[in-house]
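Participant: Provided herewith is a single structure, encoded as structure tokens, for subsequent inquiry.
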Amino acid sequence: MPWKPQYEGDFPSLGYYLIDWMIENLAAPARYEYEPFVPYKEQEDFLINFYRIDPTTGRFVHDRGLLGRPRGWGKSPFLGALAIAEGLADVLFDGWDASGQPVGRPWRLTFTPLIHIAAVSEEQTKNTWQPLQEMIREGPVIDNYPGLEPMDTFINLPGRGSKIVQVTSSARTIKGAPTNFAVLDQTEEWVPSNGGPDLSQNIRTNCSKNGGRTVESPNAYIPGELSVAEKSAETQQLILEGRARNEDLLYDHREAPANTDMSDRESLIIGLRHSYGDSSGHPDGCVIHTPPCPPGHVDLEAQISRIWDPAMDTQKSRSDYLNQITHASDSWVSKIEWDARHKDIALDVLGNPITVDPIMPGDVITMGFDGSRGRERGKADATALIGVRVHDGHWFEIGVWEQPKLAKNWSPPVSLIEATVDEAFRTYKVVGFFADPSGWTGQVATWEARYGKRLRVKASQERPIAAWPRGRDVRMVEWVKRAHDAIVNGEMTHSGQPSLSEHVLNARKRAVPQGYLLYKAYPDSPQKIDAAYAGVLAWKARLDAVTKGIGRAREPKKPKVLVMAD
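Numbering (this note's numbering), first residue to last: 337 to 902.
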């Protein structure tokens with residue numbers, strides 16, 4: 337019988353079965369006496385989504401998953417339970433029952449299960465391995481599945497050669513291993529220097545060859561370290577932008593609100609309740625479900641004590657406990673600072689929400705442009721056209737052009753870019769336009785001839801549009817600093833569009849005699865910053881416009897008062 341939805345938004349999933357299976361078979365770890373392992377509701381939600389089935393093909397919708405939560409939330413026991421289930425339970429789609437619901441079969445009926453608990457160090461694998469062993473040894477599963485043998489360094493599963501094993505070796509030693517499921521633990525620490533990206537690639541290749549899947553469980557990563565967790569976040573961004581060839585990643589990362597004040601107890605409690613979700617031990621329960629789930633196991637007061645310890649680094653506290661993706665030490669701005677200026681959550685100096693009107697045709701704006709000409713080797717720089725509305729300092733993308741992932745010898749679409757500039761001048765009232773002429777000398781000269789006379793603010797009297805970001809214009813140091821201060825001090829908002837945000841957070845500070853300029857993390861880095869420089873140029877043009885009194889928001893007209901004669 338084919339599957340039919342029972343209610344709006346319903347979809348078929350083996351996750352409902354797995355929730356019951358875990359409760360019936362596994363012991364909750366770290367208990368004095370036996371208790372069943374009962375997933376939190378948000379863990380149930382992950383299971384239901386990860387085991388979602390496409391009713392037309394019978395395939396899983398997601399081939400890989402990411403579960404990003406703060407330290408102490410309970411990722412390791414949960415993913416240990418998931419690894420056990422993959423080795424024993426009916427986790428492969430096997431058709432529909434009489435009521436049209438999906439049913440499964442275990443791996444051992446078609447394939448010898450090999451489950452990997454992977455990390456880049458032995459210490460990391462213990463995070464999942466220790467609770468996994470306890471869940472088996474203390475739970476009914478040990479009696480329900482004859483042949484299950486939990487050993488110290490591996491788990492024998494029923495069936496010849498079936499195992500759950502720890503993996504901490506190099507990528508080469510596991511290449512080709514017939515894996516059907518793997519947990520990739522703490523992938524924020526899987527970086528090029530320890531071989532993490534190669535290891536993850538081999539594990540995922542091994543699993544995909546056998547129809548298997550992977551789940552990674554990072555804490556918040558530091559941008560610019562090129563970790564596996566960061567790469568997964570970039571993949572999710574490509575999916576959101578519609579630029580990914582595959583959309584099979586279930587990306588479940590939750591962090592505290594960007595405006596969480598680490599020094600204010602009430603704000604910090606709200607942030608911790610959000611990041612810890614159902615595991616929060618707050619007496620009022622969780623803040624992510626309605627009605628709230630009962631209090632969980634995490635003592636928030638103990639977390640606050642650690643956060644406020646003078647020896648604790650603030651950035652690390654944000655990463656560990658609020659699960660906030662912060663910044664590298666040489667970042668131009670932090671993710672927290674940037675996210676706090678998003679139009680949907682930005683606050684004024686008094687802490688009141690800021691209302692940001694949509695960008696509309698006819699708005700008075702300034703524009704900034706930073707272009708690329710492509711390259712034969714490596715990933716070409718991007719080309720970006722960024723707008724800033726003058727009266728409220730709102731940043732938004734007009735156009736960002738980047739080399740597609742698999743493209744070679746790419747060059748930016750010059751005709752399309754020129755058409756976009758023309759369209760911007762027709763759509764908005766552009767009062768200032770600053771552009772980096774590097775590689776675009778002809779186009780910038782054409783724009784100056786076409787639009788220069790109508791611009792009310794100019795990069796210079798001789799060149800109304802041309803501005804040189806790196807080295808040739810000493811004013812650029814000041815321009816970069818003023819854009820930075822506007823972001824940090826809450827003088828602007830932004831649209832939250834993906835490329836603009838990504839480029840701003842990629843930008844790194846590099847010292848020059850007058851101060852600092854913006855650069856990529858390293859010369860051949862695939863992480864681009866061109867929209868950040870375009871934003872700097874547009875912001876400087878906006879400041880010049882404000883100085884001249886251009887583009888101020890119009891005051892509403894006062895109604896006329898009619899005075900009646902006696």
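The beta carbon of each residue, even a glycine, is placed where N, CA and C say it ideally should be. No experiment lies behind these values; they were computed from the predicted model shown.
Where do the ends of the beta strand (DSSP E) carrying Pro375 lie?
Facilitator: For the purposes of this step, residue 375 is identified with residue 39 of the sequence shown, where counting begins at 1. Per DSSP, Pro375 belongs to no beta strand (DSSP E) and is neither H nor E.
Participant: Using 8 angstroms as the cut-off, can you tell me whether the stretch 509 to 526 makes contact with the stretch 419 to 426, which would need three or more C-beta pairs spanning the two stretches below that distance?
Facilitator: Touching, yes.
Participant: Which complete beta strand (DSSP E) runs does the stretch 501 to 564 hold, if anything under 3 residues is left out?
Facilitator: As far as the stretch 501 to 564 is concerned, its whole beta strand (DSSP E) runs of at least 3 residues are 517 to 521 and 549 to 553.
Participant: For the beta strand (DSSP E) holding Lys741, just list the boundary residues, first then last.
Facilitator: On the sequence shown, position 405 is the one that residue 741 refers to. Where Lys741 is concerned, there is no enclosing beta strand (DSSP E), given that its DSSP letter is neither H nor E.
Participant: Exposed or buried, which one is Gly885 when buried takes at least 16 other CB atoms within 10 Å?
Facilitator: The residue given as residue 885 occupies position 549 in the sequence shown. Exposed.
Participant: Using 8 angstroms for Cβ pairs, my map puts Thr829 next to Val724. What's the rounded Cβ distance?
Facilitator: Taking the first residue of the sequence shown as position 1, residue 829 is located at position 493. Taking the first residue of the sequence shown as position 1, residue 724 is located at position 388. Rounded, the Cβ-Cβ distance is 10 angstroms, inconsistent with contact.
Participant: At the level of alpha carbons, what is the spacing between Arg496 and Ala363?
Facilitator: Taking the first residue of the sequence shown as position 1, residue 496 is located at position 160. Taking the first residue of the sequence shown as position 1, residue 363 is located at position 27. In a straight line, the C-alpha of Arg496 is about 25 angstroms away from that of Ala363.
Participant: I need the boundaries of the beta strand (DSSP E) containing Val685, first residue and last residue.
Facilitator: On the sequence shown, position 349 is the one that residue 685 refers to. Note, Val685: premise wrong, no beta strand (DSSP E); not H, not E.
Participant: Is Arg540 close to chain B? Criterion is C-beta to C-beta, closer than 8 angstroms.
Facilitator: Of the protein chains in this structure there is only one, and it is not chain B.
Participant: Which whole-angstrom value is the C-beta distance of Gly768 and Ala870, which I expect to be below 8 angstroms?
Facilitator: Counted from its first residue, the sequence shown places residue 768 at position 432. Counted from its first residue, the sequence shown places residue 870 at position 534. About 13 angstroms; that fails the 8 angstroms criterion.
Participant: Restricting to Cα atoms, I'd like to know which of Ile539, Gly788 and Met696 is closest to Phe770.
Facilitator: Residue numbering aside, residue 770 sits at position 434 when the sequence shown is read from its first letter. Cα-wise, what sits closest to Phe770 is Gly788.
Participant: Taking the continuous beta strand (DSSP E) assigned at Ile451, which residues delimit it?
Facilitator: For the purposes of this step, residue 451 is identified with residue 115 of the sequence shown, where counting begins at 1. Here the beta strand (DSSP E) through Ile451 covers Leu450 to Ala454.
Participant: Going by the beta-carbon positions, is the gap between Asn659 and Pro406 smaller than 8 angstroms?
Facilitator: Taking the first residue of the sequence shown as position 1, residue 659 is located at position 323. Taking the first residue of the sequence shown as position 1, residue 406 is located at position 70. Yes, the Cβ-Cβ distance between Asn659 and Pro406 is below 8 angstroms.
Participant: Within 10 angstroms of the Cβ of Ala795, are there 16 or more other Cβ atoms? Answer buried if so, exposed if not.
Facilitator: Sequence index remark: in the sequence shown, residue 795 carries index 459 (1-based). Buried, because 16 or more other Cβ atoms sit within 10 Å of the Cβ of Ala795.
Participant: Taking just the CA atoms, how far does Ile681 sit from Ile690?
Facilitator: For the purposes of this step, residue 690 is identified with residue 354 of the sequence shown, where counting begins at 1. For the purposes of this step, residue 681 is identified with residue 345 of the sequence shown, where counting begins at 1. So the two alpha carbons sit approximately 8 angstroms from each other.
Participant: Would you list the residues sitting across from Glu485 in a DSSP beta bridge?
Facilitator: Here residue 485 corresponds to residue number 149 of the sequence shown, with the count starting at 1. Beta-bridge pairing links Glu485 to Asn492.
Participant: In terms of residue numbering, what span does the alpha helix (DSSP H) encompassing Asp635 cover?
Facilitator: Position 299 of the sequence shown, counted from the first residue, corresponds to residue 635. Unbroken run through Asp635: none, as it is neither H nor E.
Participant: Could you tell me the alpha carbon to alpha carbon distance between Pro348 and Gly436, rounded to whole angstroms?
Facilitator: The count along the sequence shown starts at 1 and reaches residue 348 at position 12. The count along the sequence shown starts at 1 and reaches residue 436 at position 100. Each residue's alpha carbon lies about 9 angstroms from the other.
Participant: Give the single residue among Asn361, Gly735 and Gln573 whose Cα lies nearest to the Cα of Asp588.
Facilitator: The residue labelled residue 588 in the question sits at position 252 within the sequence shown. Closest option to Asp588, Cα to Cα, is Gln573.
Participant: Could you tell me the distance, in whole angstroms, from the CA atom of Arg601 to the CA atom of Gln379?
Facilitator: Against the sequence shown, residue 601 aligns to sequence position 265. Against the sequence shown, residue 379 aligns to sequence position 43. Computed Cα separation, rounded: 28 angstroms.
Participant: Comparing alpha-carbon positions, which option in Ile605, Pro646 and Leu683 lies nearest Asn595?
Facilitator: Taking the sequence shown and counting its residues from 1, one reaches residue 595 at position 259. Nearest C-alpha to Asn595: Leu683.
Participant: Give, in chain order, every unbroken run of the alpha helix (DSSP H) that is at least 4 residues long and sits entirely within the stretch 829 to 881.
Facilitator: Segments of the alpha helix (DSSP H) lying fully in the stretch 829 to 881: 834 to 842.
Participant: Helix, strand or coil: how does DSSP classify Trp746 here?
Facilitator: As a working mapping, residue 746 is identified with position 410 in the sequence shown. Trp746 falls in the coil class under three-state DSSP.
Participant: Leaving out the 5 sequence neighbours to the left and right, which residues in its chain are closer than 7 angstroms to Asp645 when beta-carbon positions are compared?
Facilitator: Looking up residue 645 in the sequence shown gives position 309. Excluding residues within five positions, none has a Cβ falling inside 7 angstroms.
Participant: Taking the straight line between their C-alpha atoms, what separation do you get for Trp409 and Ile389?
Facilitator: Taking the sequence shown and counting its residues from 1, one reaches residue 409 at position 73. Taking the sequence shown and counting its residues from 1, one reaches residue 389 at position 53. Rounded to whole angstroms, Trp409 to Ile389 spans 27 angstroms at the Cα level.
Participant: Apart from the five residues on each side of it in sequence, which residues of its chain come closer than 7 angstroms, Cβ to Cβ, to Arg441?
Facilitator: As a working mapping, residue 441 is identified with position 105 in the sequence shown. Taken in chain order, the residues that qualify are Asp426, Leu428 and Asp430.
Participant: Alpha carbon to alpha carbon, how far is Leu535 from Lys744? Give it in angstroms, no decimals.
Facilitator: Counting from 1 along the sequence shown, the entry for residue 744 is found at position 408. Counting from 1 along the sequence shown, the entry for residue 535 is found at position 199. If I take the Cα positions, the gap works out to 26 angstroms.
Participant: Would you report the Cα separation of Leu402 and Pro773, rounded to the nearest angstrom?
Facilitator: Indexing the sequence shown from 1 puts residue 402 at position 66. Indexing the sequence shown from 1 puts residue 773 at position 437. Looking at the two C-alpha atoms, the distance is approximately 42 angstroms.
Participant: Is DSSP giving Lys679 helix, strand or coil here?
Facilitator: As a working note, residue 679 is residue 343 in the sequence shown. Three-state result, Lys679: coil.
Participant: Under the three-state reduction of DSSP, which class applies to Thr883: helix, strand or coil?
Facilitator: Within the sequence shown, residue 883 is the residue found at index 547, counting from 1. Thr883 falls in the helix class under three-state DSSP.
Participant: Is the beta carbon of Pro554 closer than 8 angstroms to that of Gly404?
Facilitator: In the sequence shown, residue 404 corresponds to position 68, counting from 1. In the sequence shown, residue 554 corresponds to position 218, counting from 1. Result yes, Cβ atoms of Gly404 and Pro554 sit closer than 8 angstroms.
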